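S.K.: This is the structure I have questions about; it appears just below.
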Amino acid sequence: MKHEPIDFLAIGDIVVDAFIQLKDAEVRQTEKGPELCLRFGDKVPFESATVVYGVGNSANAAVSASRLGLQSALIADVGDDLNGRNCAKALIKDGVMVDFLHDHKDIPTNYHYALCYGAERTILVKHETYPYQMPVIDGEVRWLYLSSVGETSLPYHQDILAFLDAHPETKLVFQPGTYQMLFGIEALKEIYRRSEIFFCNVEEAKRILKSDAEIVELMQKLHELGPKIVVVTDGPKGAYAYADGKAWFMPIYPDPVPPTQRTGAGDAFASTFTSAIALGKSVDEALLWAPINPMSVIQHVGAQFGLVTREALEDYLSKAPEDYRPKQIN
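In terms of the numbering used here, the sequence shown is residues 12 to 341.
The following block contains the structure:
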(Lines of atoms letter the chains of each structure in order from A and count residues from 1; the text may use other names and numbers.)
(Lines give C-alpha, C1' and ligand atoms only; values in the text may rest on other atoms or scores of the structure.)
Protein backbone atom coordinates (compact mmCIF):
# COMPACT_ATOMS: atom_id res chain seq x y z
CA MET A 1 0.00 0.00 0.00
CA LYS A 2 1.34 3.40 -0.99
CA HIS A 3 1.87 5.79 1.92
CA GLU A 4 1.34 9.50 2.03
CA PRO A 5 4.63 11.44 1.83
CA ILE A 6 6.57 11.24 5.10
CA ASP A 7 8.44 14.38 6.15
CA PHE A 8 10.43 12.80 9.00
CA LEU A 9 11.09 9.05 9.23
CA ALA A 10 13.07 8.09 12.34
CA ILE A 11 14.98 4.80 12.73
CA GLY A 12 16.16 3.49 16.09
CA ASP A 13 15.41 1.43 19.17
CA ILE A 14 12.31 2.19 21.19
CA VAL A 15 12.11 1.61 24.94
CA VAL A 16 10.00 1.88 28.05
CA ASP A 17 11.67 4.06 30.69
CA ALA A 18 10.92 3.67 34.39
CA PHE A 19 12.16 6.79 36.21
CA ILE A 20 12.88 6.17 39.90
CA GLN A 21 13.43 9.39 41.87
CA LEU A 22 15.97 8.90 44.68
CA LYS A 23 16.67 11.06 47.70
CA ASP A 24 18.54 8.74 50.06
CA ALA A 25 21.71 8.60 47.94
CA GLU A 26 24.92 10.51 47.35
CA VAL A 27 27.39 11.29 44.58
CA ARG A 28 31.06 10.52 45.24
CA GLN A 29 33.97 11.71 43.14
CA THR A 30 36.31 8.89 42.12
CA GLU A 31 39.23 8.47 39.72
CA LYS A 32 36.72 7.20 37.15
CA GLY A 33 34.45 10.20 37.64
CA PRO A 34 31.34 10.83 39.75
CA GLU A 35 29.50 7.73 41.00
CA LEU A 36 25.97 7.40 42.33
CA CYS A 37 26.10 5.59 45.70
CA LEU A 38 23.37 3.74 47.59
CA ARG A 39 23.63 1.71 50.79
CA PHE A 40 24.57 -1.86 49.86
CA GLY A 41 22.42 -4.74 51.11
CA ASP A 42 19.78 -2.42 52.56
CA LYS A 43 16.25 -1.26 51.77
CA VAL A 44 16.57 2.17 50.17
CA PRO A 45 13.40 4.30 50.00
CA PHE A 46 12.54 6.15 46.79
CA GLU A 47 10.33 9.22 46.27
CA SER A 48 8.42 8.30 43.11
CA ALA A 49 8.37 6.09 40.02
CA THR A 50 7.16 7.20 36.61
CA VAL A 51 6.85 4.83 33.65
CA VAL A 52 7.07 6.38 30.18
CA TYR A 53 6.22 4.43 27.03
CA GLY A 54 7.51 4.87 23.48
CA VAL A 55 10.78 6.69 24.17
CA GLY A 56 14.37 6.38 22.95
CA ASN A 57 16.43 8.72 20.77
CA SER A 58 14.53 8.15 17.54
CA ALA A 59 11.08 7.85 19.10
CA ASN A 60 11.68 11.13 20.94
CA ALA A 61 12.73 12.75 17.68
CA ALA A 62 9.65 11.44 15.85
CA VAL A 63 7.32 12.85 18.53
CA SER A 64 9.18 16.18 18.48
CA ALA A 65 8.84 16.48 14.69
CA SER A 66 5.15 15.57 14.83
CA ARG A 67 4.39 18.25 17.42
CA LEU A 68 6.20 20.80 15.26
CA GLY A 69 3.87 20.02 12.35
CA LEU A 70 5.73 17.43 10.27
CA GLN A 71 4.27 14.12 9.05
CA SER A 72 6.33 11.81 11.23
CA ALA A 73 6.89 8.04 11.37
CA LEU A 74 9.11 5.57 13.22
CA ILE A 75 10.87 2.35 12.23
CA ALA A 76 11.53 0.31 15.38
CA ASP A 77 11.26 -3.15 16.95
CA VAL A 78 9.07 -4.06 19.92
CA GLY A 79 7.86 -7.20 21.63
CA ASP A 80 4.42 -8.62 20.98
CA ASP A 81 3.56 -7.71 24.56
CA LEU A 82 1.70 -5.13 26.61
CA ASN A 83 4.73 -2.81 26.74
CA GLY A 84 5.02 -2.92 22.94
CA ARG A 85 1.33 -2.13 22.50
CA ASN A 86 1.56 0.72 24.99
CA CYS A 87 4.53 2.14 23.08
CA ALA A 88 2.50 2.10 19.86
CA LYS A 89 -0.46 3.78 21.58
CA ALA A 90 1.78 6.53 22.95
CA LEU A 91 3.19 7.25 19.49
CA ILE A 92 -0.23 7.23 17.83
CA LYS A 93 -1.50 9.69 20.43
CA ASP A 94 1.26 12.07 19.32
CA GLY A 95 0.46 11.68 15.63
CA VAL A 96 3.43 9.45 14.79
CA MET A 97 2.79 6.83 12.09
CA VAL A 98 3.45 3.33 13.49
CA ASP A 99 3.01 1.30 10.28
CA PHE A 100 6.71 0.35 10.44
CA LEU A 101 6.82 -0.96 14.03
CA HIS A 102 7.92 -4.60 13.86
CA ASP A 103 6.60 -6.73 16.73
CA HIS A 104 8.29 -9.97 17.84
CA LYS A 105 6.54 -12.82 19.65
CA ASP A 106 9.63 -14.21 21.40
CA ILE A 107 11.53 -10.99 22.18
CA PRO A 108 10.30 -8.51 24.82
CA THR A 109 10.12 -4.75 24.40
CA ASN A 110 13.21 -2.90 25.65
CA TYR A 111 12.72 -1.78 29.27
CA HIS A 112 15.17 0.54 31.05
CA TYR A 113 15.40 1.89 34.59
CA ALA A 114 16.53 5.46 35.21
CA LEU A 115 17.83 6.19 38.71
CA CYS A 116 17.25 9.92 39.14
CA TYR A 117 19.10 12.01 41.70
CA GLY A 118 18.69 15.76 41.49
CA ALA A 119 18.52 16.79 37.83
CA GLU A 120 20.78 13.95 36.66
CA ARG A 121 20.09 10.29 36.05
CA THR A 122 21.91 6.97 35.74
CA ILE A 123 20.16 4.60 33.32
CA LEU A 124 20.23 0.81 33.66
CA VAL A 125 19.93 -0.43 30.08
CA LYS A 126 19.29 -3.79 28.44
CA HIS A 127 18.95 -3.78 24.66
CA GLU A 128 17.15 -6.85 23.34
CA THR A 129 18.65 -8.54 20.28
CA TYR A 130 16.26 -7.90 17.40
CA PRO A 131 16.60 -9.15 13.80
CA TYR A 132 16.75 -5.64 12.35
CA GLN A 133 15.18 -5.31 8.91
CA MET A 134 14.37 -2.31 6.74
CA PRO A 135 10.66 -2.40 5.84
CA VAL A 136 9.27 -1.90 2.36
CA ILE A 137 8.28 1.77 2.09
CA ASP A 138 6.15 2.71 -0.90
CA GLY A 139 6.06 6.48 -0.90
CA GLU A 140 8.18 9.61 -0.59
CA VAL A 141 10.41 10.11 2.45
CA ARG A 142 11.90 13.60 2.73
CA TRP A 143 14.16 13.13 5.78
CA LEU A 144 15.52 9.94 7.35
CA TYR A 145 16.66 10.39 10.97
CA LEU A 146 18.98 7.60 12.14
CA SER A 147 19.94 7.21 15.78
CA SER A 148 20.61 4.59 18.45
CA VAL A 149 20.27 0.90 17.57
CA GLY A 150 21.69 -2.19 19.27
CA GLU A 151 25.07 -3.88 19.12
CA THR A 152 23.99 -6.39 16.42
CA SER A 153 22.86 -3.63 14.06
CA LEU A 154 25.96 -3.13 11.91
CA PRO A 155 24.56 -5.05 8.87
CA TYR A 156 21.31 -3.08 9.25
CA HIS A 157 23.16 0.07 8.21
CA GLN A 158 23.81 -1.50 4.80
CA ASP A 159 20.05 -1.95 4.38
CA ILE A 160 19.57 1.71 5.26
CA LEU A 161 22.18 2.72 2.68
CA ALA A 162 20.42 0.56 0.08
CA PHE A 163 17.19 2.41 0.87
CA LEU A 164 18.97 5.75 0.39
CA ASP A 165 20.39 4.54 -2.93
CA ALA A 166 16.87 3.68 -4.06
CA HIS A 167 15.52 7.03 -2.78
CA PRO A 168 18.08 9.69 -3.75
CA GLU A 169 15.62 12.43 -2.83
CA THR A 170 15.74 11.38 0.85
CA LYS A 171 18.12 13.33 3.09
CA LEU A 172 19.88 11.55 5.95
CA VAL A 173 20.33 12.86 9.50
CA PHE A 174 22.71 10.93 11.78
CA GLN A 175 22.71 11.19 15.58
CA PRO A 176 24.86 8.18 16.56
CA GLY A 177 24.09 6.12 19.61
CA THR A 178 26.55 4.23 21.82
CA TYR A 179 27.03 1.21 19.56
CA GLN A 180 27.26 3.29 16.38
CA MET A 181 30.13 5.20 17.96
CA LEU A 182 31.74 1.91 19.01
CA PHE A 183 31.51 0.59 15.44
CA GLY A 184 33.91 3.39 14.46
CA ILE A 185 34.15 5.78 11.55
CA GLU A 186 35.49 3.25 9.04
CA ALA A 187 32.62 0.79 9.55
CA LEU A 188 30.04 3.55 9.04
CA LYS A 189 31.96 5.76 6.63
CA GLU A 190 29.14 5.69 4.05
CA ILE A 191 26.61 6.74 6.68
CA TYR A 192 28.80 9.71 7.59
CA ARG A 193 29.41 10.52 3.92
CA ARG A 194 25.70 10.48 3.07
CA SER A 195 24.59 12.58 6.04
CA GLU A 196 23.03 15.97 5.44
CA ILE A 197 23.13 16.79 9.17
CA PHE A 198 25.22 15.19 11.93
CA PHE A 199 24.65 15.57 15.70
CA CYS A 200 26.68 14.69 18.78
CA ASN A 201 27.88 16.34 21.97
CA VAL A 202 31.39 17.63 22.68
CA GLU A 203 32.54 14.51 24.55
CA GLU A 204 31.19 12.26 21.79
CA ALA A 205 32.93 14.32 19.09
CA LYS A 206 36.26 13.84 20.86
CA ARG A 207 35.57 10.11 21.26
CA ILE A 208 34.54 9.62 17.63
CA LEU A 209 37.57 11.49 16.27
CA LYS A 210 39.98 10.39 19.00
CA SER A 211 40.97 14.04 19.32
CA ASP A 212 41.08 16.73 22.02
CA ALA A 213 40.99 19.56 19.47
CA GLU A 214 39.07 22.78 20.01
CA ILE A 215 35.40 22.84 19.02
CA VAL A 216 35.75 24.50 15.59
CA GLU A 217 38.44 22.03 14.55
CA LEU A 218 36.32 19.12 15.81
CA MET A 219 33.41 20.30 13.68
CA GLN A 220 35.65 20.77 10.65
CA LYS A 221 36.98 17.22 11.03
CA LEU A 222 33.45 15.82 11.32
CA HIS A 223 32.44 17.86 8.26
CA GLU A 224 35.32 16.29 6.32
CA LEU A 225 33.74 12.88 6.90
CA GLY A 226 30.81 13.95 4.75
CA PRO A 227 28.03 15.72 6.67
CA LYS A 228 27.06 19.08 5.16
CA ILE A 229 25.92 20.46 8.52
CA VAL A 230 27.61 19.49 11.80
CA VAL A 231 26.00 20.32 15.15
CA VAL A 232 27.80 19.72 18.46
CA THR A 233 26.00 20.34 21.74
CA ASP A 234 27.62 21.19 25.07
CA GLY A 235 24.80 20.79 27.59
CA PRO A 236 23.95 23.90 29.60
CA LYS A 237 26.91 25.72 28.02
CA GLY A 238 25.16 25.95 24.63
CA ALA A 239 25.71 24.42 21.20
CA TYR A 240 27.76 24.87 18.02
CA ALA A 241 27.11 24.40 14.31
CA TYR A 242 29.31 24.28 11.22
CA ALA A 243 28.20 24.61 7.59
CA ASP A 244 29.52 26.22 4.40
CA GLY A 245 32.80 27.09 6.11
CA LYS A 246 31.06 29.03 8.89
CA ALA A 247 30.89 28.12 12.58
CA TRP A 248 28.31 29.41 15.05
CA PHE A 249 27.79 29.32 18.79
CA MET A 250 24.25 29.29 20.18
CA PRO A 251 23.48 29.90 23.88
CA ILE A 252 20.74 27.97 25.68
CA TYR A 253 17.25 29.38 26.00
CA PRO A 254 17.05 30.66 29.60
CA ASP A 255 15.56 28.15 32.04
CA PRO A 256 12.43 29.58 33.69
CA VAL A 257 13.12 27.44 36.79
CA PRO A 258 15.93 25.01 37.70
CA PRO A 259 15.81 21.79 35.63
CA THR A 260 13.82 18.84 36.94
CA GLN A 261 15.73 16.23 34.94
CA ARG A 262 17.92 16.32 31.81
CA THR A 263 16.80 13.15 29.99
CA GLY A 264 16.08 13.77 26.30
CA ALA A 265 17.60 17.24 26.00
CA GLY A 266 19.97 16.19 23.20
CA ASP A 267 17.20 14.45 21.25
CA ALA A 268 14.99 17.51 21.64
CA PHE A 269 17.72 19.81 20.31
CA ALA A 270 18.63 17.61 17.33
CA SER A 271 15.05 16.89 16.26
CA THR A 272 14.00 20.54 16.56
CA PHE A 273 17.00 21.71 14.53
CA THR A 274 16.24 19.09 11.87
CA SER A 275 12.55 20.00 11.80
CA ALA A 276 13.45 23.65 11.24
CA ILE A 277 15.73 22.75 8.30
CA ALA A 278 13.02 20.43 6.91
CA LEU A 279 10.59 23.35 7.06
CA GLY A 280 12.94 25.51 4.99
CA LYS A 281 14.74 27.43 7.72
CA SER A 282 18.42 28.42 7.45
CA VAL A 283 21.10 27.10 9.81
CA ASP A 284 21.09 30.21 11.97
CA GLU A 285 17.26 30.15 12.12
CA ALA A 286 17.36 26.46 13.08
CA LEU A 287 19.80 27.37 15.88
CA LEU A 288 17.18 29.78 17.24
CA TRP A 289 14.56 27.03 17.28
CA ALA A 290 16.66 24.17 18.63
CA PRO A 291 17.34 25.21 22.29
CA ILE A 292 13.66 25.86 23.06
CA ASN A 293 12.55 22.23 23.20
CA PRO A 294 15.42 21.13 25.50
CA MET A 295 14.60 24.01 27.85
CA SER A 296 11.01 22.79 28.05
CA VAL A 297 11.85 19.07 28.20
CA ILE A 298 14.16 19.35 31.20
CA GLN A 299 11.33 20.88 33.23
CA HIS A 300 9.61 17.47 33.21
CA VAL A 301 10.32 13.82 33.96
CA GLY A 302 10.97 11.90 30.75
CA ALA A 303 12.06 12.91 27.28
CA GLN A 304 8.71 13.78 25.69
CA PHE A 305 6.32 15.46 28.14
CA GLY A 306 7.87 18.89 27.57
CA LEU A 307 8.12 18.80 23.77
CA VAL A 308 6.34 21.87 22.41
CA THR A 309 4.11 22.63 19.43
CA ARG A 310 5.21 25.04 16.74
CA GLU A 311 2.80 27.64 18.10
CA ALA A 312 4.36 27.38 21.57
CA LEU A 313 7.89 27.46 20.10
CA GLU A 314 7.14 30.67 18.20
CA ASP A 315 5.69 32.18 21.37
CA TYR A 316 8.94 31.41 23.20
CA LEU A 317 10.88 32.98 20.33
CA SER A 318 8.84 36.17 20.61
CA LYS A 319 9.75 36.40 24.30
CA ALA A 320 13.45 35.55 23.95
CA PRO A 321 16.02 37.96 25.44
CA GLU A 322 17.99 40.19 23.08
CA ASP A 323 21.20 38.20 23.44
CA TYR A 324 19.45 34.96 22.45
CA ARG A 325 20.91 34.61 18.95
CA PRO A 326 23.61 32.64 17.13
CA LYS A 327 27.08 34.18 17.02
CA GLN A 328 29.58 33.38 14.26
CA ILE A 329 32.86 32.27 15.82
CA ASN A 330 35.23 31.96 12.86
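Positions of the beta carbon are idealized from the N, C-alpha and C atoms, including for glycine. Please read these numbers as outputs of a predicted model, since none were measured by experiment.
(1) May I ask you to verify whether the segment 42 to 57 touches the segment 75 to 87, counting CB pairs closer than 8 Å and requiring at least 3?
(2) Report yes or no: do three or more beta-carbon pairs, one from the segment 25 to 43 and one from the segment 53 to 72, lie closer than 8 Å?
(3) Taking Cβ to Cβ, would you say Gln287 is nearer than 8 Å to Val308?
(4) Helix, strand or coil for Ala314 per DSSP?
(5) Can you tell me whether Ile86 is buried or exposed? The criterion is at least 16 other CB atoms within 10 Å of its CB, across all chains shown.
(6) Contact defined as beta carbons within less than 8 Å: I believe Gly277 pairs with Leu157. What is the distance between those atoms, to the nearest angstrom?
(7) Between Ala258, Gly246, Gly249 and Lys248, which has its C-alpha nearest Lys239's C-alpha?
(8) In whole angstroms, what is the alpha-carbon distance linking Ser69 and Leu49?
(9) How is the alpha helix (DSSP H) around Pro305 delimited, first residue to last?
(10) Report back the beta-carbon spacing between Ile219 and Ile196 to the nearest angstrom; my notes put them in contact at under 8 Å.
(11) Helix, strand or coil for Ser206? Go by DSSP, reduced to three states.
(12) DSSP beta-bridge partners for Ile134?
(13) Put Val147 into one of helix, strand or coil per three-state DSSP.
(14) From Pro332, Phe19, Gln339 and Gly291, pick the residue whose C-alpha is nearest to that of Ala343; which is it?
(15) Between Phe174 and the rest of its own chain, which residues show a CB-CB distance below 6 Å, the 5 nearest in sequence each way excluded?
(16) Could you round the C-beta distance between His113 and Asp88 to whole angstroms and report it? I think they count as a contact, below 8 Å.
(17) When you compare only the Cα positions, how much space is there between Val268 and Gly150?
(18) Within the continuous beta strand (DSSP E) that includes Val74, where are the two ends?
(19) Straight-line CA distance for Gly237 to Arg205?
(20) Give me, in chain order, the residues of the same chain whose beta-carbon lies closer than 6 Å to that of Pro262; leave out the 5 immediate sequence neighbours on both sides.
(21) Residues in the same chain with beta-carbon distance under 6 Å from Pro302, minus the five sequence neighbours each way, listed in chain order, please.
(22) Alpha carbon to alpha carbon, how far is Phe209 from Thr189? Give it in angstroms, no decimals.
(23) Can you give me the C-alpha to C-alpha distance between Leu199 and Gln191, rounded to a whole angstrom?
(24) Going by Cα to Cα distance, which pick from His311, Gln315, Phe316 and Met306 is closest to Tyr327?
(25) Span of the beta strand (DSSP E) holding Val184?
(26) On the DSSP bridge assignment, give the partners of Tyr251 in chain order.
M.R.: Let me lay it out:
(1) Output reads no: the segment 75 to 87 does not touch the segment 42 to 57.
(2) Yes, they touch.
(3) Reading off the sequence shown, one finds Ala at residue 287, where the question assumed Gln. Contact check for Ala287 against Val308 fails: the beta carbons are separated by 8 Å or more.
(4) Assignment of Ala314 by DSSP, reduced to helix, strand and coil, places it in the coil class.
(5) That one is buried.
(6) Contact doesn't hold; Cβ gap of about 15 Å is too wide.
(7) Considering only Ala258, Gly246, Gly249 and Lys248, the residue with the shortest C-alpha distance to Lys239 is Ala258.
(8) Taking the straight line from one Cα to the other gives about 32 Å.
(9) Counted as a single uninterrupted DSSP element, the alpha helix (DSSP H) harbouring Pro305 occupies residues Ile303 to Val308.
(10) In this structure Ile219 touches Ile196 by the C-beta definition: roughly 7 Å separates them, less than 8 Å.
(11) Note: Ser206 maps to strand in three-state DSSP.
(12) Bridge partners of Ile134: Ala125.
(13) In this structure, DSSP gives Val147 a state outside helix and strand, which the three-state scheme calls coil.
(14) Residue 343 is absent from the structure shown; the chain starts at 12 and stops at 341.
(15) Correct list, in chain order: Met145.
(16) Confirmed, Cβ separation roughly 5 Å.
(17) For the pair Val268 and Gly150, the Cα-to-Cα distance works out to about 44 Å.
(18) For Val74, there is no enclosing beta strand (DSSP E); the enclosing alpha helix (DSSP H) has its first and last residue at Asn68 to Arg78.
(19) Taking the straight line joining both Cα atoms gives about 6 Å.
(20) Once the five neighbours on either side are set aside, the close Cβ partners of Pro262 are Gly249.
(21) Ile263 and Tyr264, listed in sequence order.
(22) The alpha-carbon atoms of Thr189 and Phe209 are separated by roughly 15 Å.
(23) Rounded to whole angstroms, Leu199 to Gln191 spans 8 Å at the Cα level.
(24) For Tyr327, the closest of His311, Gln315, Phe316 and Met306 by C-alpha to C-alpha distance is Met306.
(25) Note, Val184: beta strand (DSSP E), Lys182 to Phe185.
(26) Secondary-structure assignment with DSSP links Tyr251 through a beta bridge to Val243 and Phe260.
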